[in-house]
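> Chains as they are written, first to last, in this note's numbering: chain C, 15 to 217; chain A, 21 to 324. Ideal placement from N, C-alpha and C gives every residue a C-beta, glycine not left out.
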Amino acid sequence: MFLKAALWVACLAPALWLTHGALTDGLGANPIEKITLVTGKAALTILIVTLAVTPIRRVSGWNRIIQLRRPLGLFAFFYVVLHLLTYVTLDLYFDFAAVGEDILKRPYITVGFAAFLLLVPLAITSTKGWIRRLGKRWQALHSLVYVASVLAIIHFLWKTKADFREVGVYASVLGVLLLSRVPGWYTRRRMRALRPNAQRVQT
Amino acid sequence: MLIRRGSEIPSSEITPESVYLDRRKFMGAAAAGAATALIPGSLAACEADAAQAAQEELTPYEDVTQYNNFYEFGVDKEDPARNAKNFRTRPWSVAVEGHVAKPATYDLEDFLRPHKLEDRVYRLRCVEGWSMVIPWRGFPLRDLINRVQPTSNAKYVEFVTLHDPRQMPGQRAGILAWPYNEGLRLDEAMHPLTLLVTGLYGRDLPNQNGAPLRLVVPWKYGFKSIKSIVKIRFVEQQPKTSWMKAAPDEYGFYANVNPNVDHPRWSQKKERRIGEFRRRDTLMFNGYTEVASLYSGMDLRRYF
Chain C
15 MFLKAALWVA CLAPALWLTH GALTDGLGAN PIEKITLVTG KAALTILIVT
65 LAVTPIRRVS GWNRIIQLRR PLGLFAFFYV VLHLLTYVTL DLYFDFAAVG
115 EDILKRPYIT VGFAAFLLLV PLAITSTKGW IRRLGKRWQA LHSLVYVASV
165 LAIIHFLWKT KADFREVGVY ASVLGVLLLS RVPGWYTRRR MRALRPNAQR
215 VQT
Chain A
21 MLIRRGSEIP SSEITPESVY LDRRKFMGAA AAGAATALIP GSLAACEADA
71 AQAAQEELTP YEDVTQYNNF YEFGVDKEDP ARNAKNFRTR PWSVAVEGHV
121 AKPATYDLED FLRPHKLEDR VYRLRCVEGW SMVIPWRGFP LRDLINRVQP
171 TSNAKYVEFV TLHDPRQMPG QRAGILAWPY NEGLRLDEAM HPLTLLVTGL
221 YGRDLPNQNG APLRLVVPWK YGFKSIKSIV KIRFVEQQPK TSWMKAAPDE
271 YGFYANVNPN VDHPRWSQKK ERRIGEFRRR DTLMFNGYTE VASLYSGMDL
321 RRYF
């Protein structure tokens with residue numbers, strides 16, 4: 015319970031900070047740019063933290079941490095939606111022709127939008143009902159989060175003009191988290207190869 | 021707030037000093053009146069008075085001095101105001117080098133002494149898609165050029181920013197090729213709109229805005245307007261600038277404001293004027309169409 019409360023506080027902090035700033039004229043000379051940046055970084059940060067849950071559990075044996083994974087993932091999606099809405103409403107003011115042109119012509123927006131699209135089904139199927147209904151396929155579907163996180167990093171990288179240190183930090187952390195999963199994937203593949211019949215029975 | 025269509029805006033907005041000073045007096049009076057509710061109306065009246073010269077509302081001093089791109093002091097917009105606080109701008113020397121009759125290194129006061137400073141309101145359009153309207157104080161670069169007498173070999177003018185990693189934390193990281201440099205073709209440098217600037221809003225330049233001496237070329241993207249200049253070099257070959265080295269397909273030597281030529285990664289058709297909500301159309305040459313003759317016959321898509 016305490017864990018979840020702490021998570022809510024931490025994850026709502028950027029949104030509350032932005033709201034406070036917006037109400038007190040505290041977002042600087044270019045508030046729309048500020049909101050875009052803060053929501054984007056919050057989304058990517060929380061997404062990466064979500065991907066850290068499973069490795070942390072495996073390394074530490076602290077099983078309770080797994081209860082944080084779904085709310086973290088949903089908070090990441092919450093900021094992705096805010097980020098996209100900021101761009102479409104505040105920044106481009108519902109100029110959908112411009113949005114379309116950006117998605118088609120600007121690679122960093124193309125990949126960012128693709129990351130958003132990949133996350134939509136994951137957010138929808140995050141409920142207990144969907145987990146039950148999808149069974150084994152749920153796991154496969156939710157491995158799309160790896161693709162989405164890589165696309166999000168590319169989105170950040172291609173947006174960067176100079177000074178690649180910050181995006182480098184995000185990319186390195188994500189890289190470590192993804193690499194930490196490779197041995198597990200490899201082992202599971204080997205196991206499946208060794209037990210072809212068991213696999214067939216299961217599916 | 022006045023939002024005008026491109027065609028209604030006169031190509032140049034050089035504000036006569038008298039009008040500008042009157043306007044400042046007026047704004048000062050309005051501010052002294054301290055009734056905040058009054059200010060929008062007062063500004064509008066003020067705009068009408070100065071209609072002939074500067075139709076567009078000035079970007080507030082606070083925004084001009086708190087929202088800066090000056091990577092020597094950090095890459096976030098708020099970094100320069102924070103990190104340039106203790107930047108030492110005296111003593112300061114400026115070297116004039118290369119193909120000139122009188123190469124010399126001047127103490128800043130000697131460098132400035134012969135020139136009469138004037139106030140001019142210019143639009144500033146950043147390559148990132150935002151813009152401001154800023155009352156600069158400075159003198160035409162051409163006055164300096166006439167003073168130092170370039171020889172016939174001088175085809176370009178190159179400018180170099182101070183290199184001092186102890187004072188400029190950004191220079192301790194490999195963000196760009198330091199020291200920052202920029203350049204103009206000699207005829208661009210001689211254009212009467214091109215300014216060497218020492219102040220804004222009637223005061224000395226704040227450190228984060230490029231103190232003590234910077235360039236302002238209002239029809240080009242902001243990164244051409246190099247800050248904290250220590251070297252002015254007259255050269256025969258087109259200089260390769262820091263941004264050209266960083267991304268040659270994105271930042272060209274000319275960097276004229278041009279809504280028809282997109283940055284490879286984003287559109288340049290519109291811009292957000294700081295303080296406004298909706299984006300406005302970006303104007304060819306940032307509205308300073310009198311410079312068009314400098315580029316007649318040039319393919320501006322190729323020479324971006």
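For the alpha helix (DSSP H) containing PHE131 (chain A), name the first residue and the last one.
128-132
> Nearest-angstrom Cα distance between GLY272 (chain A) and PRO135 (chain C)?
43 angstroms
> If you reduce the DSSP assignment to three classes, tell me which class SER74 (chain C) lands in.
Correct three-state label for SER74 (chain C): helix.
> Please name the residue or residues paired with ASP301 (chain A) in a DSSP beta bridge.
Looking at the DSSP output, ASP301 (chain A) shares a beta bridge with A:LYS290.
> Buried or exposed for SER245 (chain A), please, with buried defined as at least 16 other CB atoms from any protein chain shown within 10 angstroms of its CB.
buried
> On the DSSP bridge assignment, give the partners of SER151 (chain A) in chain order.
A:ARG145 and A:ARG293
> Taking the straight line between their C-alpha atoms, what separation do you get for HIS119 (chain A) and VAL255 (chain A)?
6 angstroms
> Is there at least one Cβ from chain A nearer than 7 angstroms to ASP177 (chain C)'s Cβ?
yes
> Just the Cα atoms here: how many angstroms apart are MET152 (chain A) and ILE46 (chain C)?
15 angstroms
> If you run the structure through DSSP and keep just helix, strand and coil, what is GLU246 (chain A)?
In the sequence as presented, Glu is not what sits at residue 246 (chain A); that position holds Ile. Coil at ILE246 (chain A), not helix or strand.
> Taking the C-alpha atoms as reference points, what is the distance between PHE91 (chain C) and GLY75 (chain C)?
27 angstroms
> Check whether the segment 93-105 of chain A touches the segment 153-169 of chain A, taking contact to mean three or more Cβ pairs, one atom from each stretch, closer than 8 angstroms.
Not touching, per the Cβ criterion.
> To the nearest angstrom, how far is it from the Cα of ASP42 (chain A) to the Cα of LEU78 (chain A)?
Confidence is the limiting factor: at ASP42 (chain A) the pLDDT is only 49, short of 50, which leaves the residue's position unreliable, though a coordinate-based value still follows. The alpha-carbon atoms of ASP42 (chain A) and LEU78 (chain A) are separated by roughly 14 angstroms.
> Taking the alpha-carbon of SER316 (chain A) as reference, which of A:PRO232, A:PRO80, A:GLU208 and A:TRP150 has the nearest alpha-carbon?
The shortest C-alpha separation from SER316 (chain A) is found at A:GLU208.
> Decide yes or no for the touch test of the segment 187-205 of chain C against the segment 81-98 of chain C: beta carbon pairs closer than 8 angstroms, at least 3 of them.
No, the segment 187-205 of chain C does not touch the segment 81-98 of chain C.
> Return yes when the Cβ of VAL94 (chain C) is within less than 7 angstroms of the Cβ of LEU37 (chain C), no when it is not.
no
> Does the Cβ of TYR323 (chain A) have 16 or more other Cβ atoms within 10 Å, making it buried, or fewer, making it exposed?
exposed
> At 9 angstroms on the CB atoms, spell out the chain A contacts of TRP172 (chain C), in chain order.
Here the neighbours are ARG285.
> What are the uninterrupted segments assigned as beta strand (DSSP E) that are 3 or more residues long and contained completely in the segment 78-131 of chain C, given in chain order?
The qualifying runs do not exist here; there are none.
> Please tell me whether LYS251 (chain A) and VAL180 (chain A) are closer than 7 angstroms, where the distance is taken between their beta carbons.
yes
> Using beta-carbon positions only, say whether SER262 (chain A) and TYR200 (chain A) come within less than 7 angstroms of one another.
yes
> Can you pull the DSSP bridge partners for THR125 (chain A)?
For THR125 (chain A), which the question treats as bridged, DSSP gives the partners A:ALA115.
> At 9 angstroms on the CB atoms, spell out the chain A contacts of ILE46 (chain C), in chain order.
ARG292 and PHE297
> Could you tell me which uninterrupted beta strand (DSSP E) segments, each at least 3 residues in length, are contained entirely in the segment 177-224 of chain A, listed from first to last along the chain?
201-205 and 215-220
> Which residues, in chain order, does the segment 139-163 of chain A contribute to contact with chain C at a C-beta distance below 7 angstroms?
TRP150
> Using the three-state DSSP reduction, which class does ARG206 (chain C) fall into: helix, strand or coil?
helix
> Out of curiosity, what's the CA-to-CA distance linking ALA43 (chain C) and GLU291 (chain A)?
Going by C-alpha positions, ALA43 (chain C) is about 14 angstroms away from GLU291 (chain A).
> How about ILE60 (chain C) and ARG71 (chain C): are their beta carbons less than 7 angstroms apart?
no
> Assess contact between the segment 118-132 of chain C and the segment 149-166 of chain C, defined as three or more Cβ pairs (one per stretch) separated by less than 8 angstroms. Is contact present?
yes
> Determine the extent of the beta strand (DSSP E) in which ARG234 (chain A) is found, giving its start and end residues.
234-236
> On a CA-only basis, which of A:PRO279, A:HIS283 and A:LEU320 is nearest ASP301 (chain A)? Give me that one, please.
With respect to the C-alpha of ASP301 (chain A), the residue from A:PRO279, A:HIS283 and A:LEU320 having the closest C-alpha is A:PRO279.
> Look at the alpha carbon of GLY53 (chain A) and the alpha carbon of PHE305 (chain A), and state the distance between them as a whole number of angstroms.
Unreliable placement is indicated for GLY53 (chain A), whose pLDDT of 36 sits below 50; no coordinate value is reported for it.
> For GLU129 (chain A) and ALA101 (chain A), I'd like the C-alpha separation in whole angstroms.
Looking at the backbone, the Cα of GLU129 (chain A) and that of ALA101 (chain A) are separated by about 25 angstroms.
> Between GLY143 (chain C) and GLY149 (chain C), what straight-line distance do the alpha-carbon atoms span, to the nearest angstrom?
10 angstroms
> Leaving out five residues before and five after ILE29 (chain A) in sequence, what residues of the same chain have Cβ atoms less than 6 angstroms from its Cβ?
Caution applies to ILE29 (chain A), whose pLDDT of 44 falls short of 50 and renders its modelled position unreliable; the value that the coordinates give is listed next. If we look at ILE29 (chain A) and ignore the five residues flanking it on each side, its Cβ neighbours are GLY307.
> Quick one: what does DSSP say TRP156 (chain A) is sitting in, helix, strand or coil?
Note: TRP156 (chain A) maps to strand in three-state DSSP.
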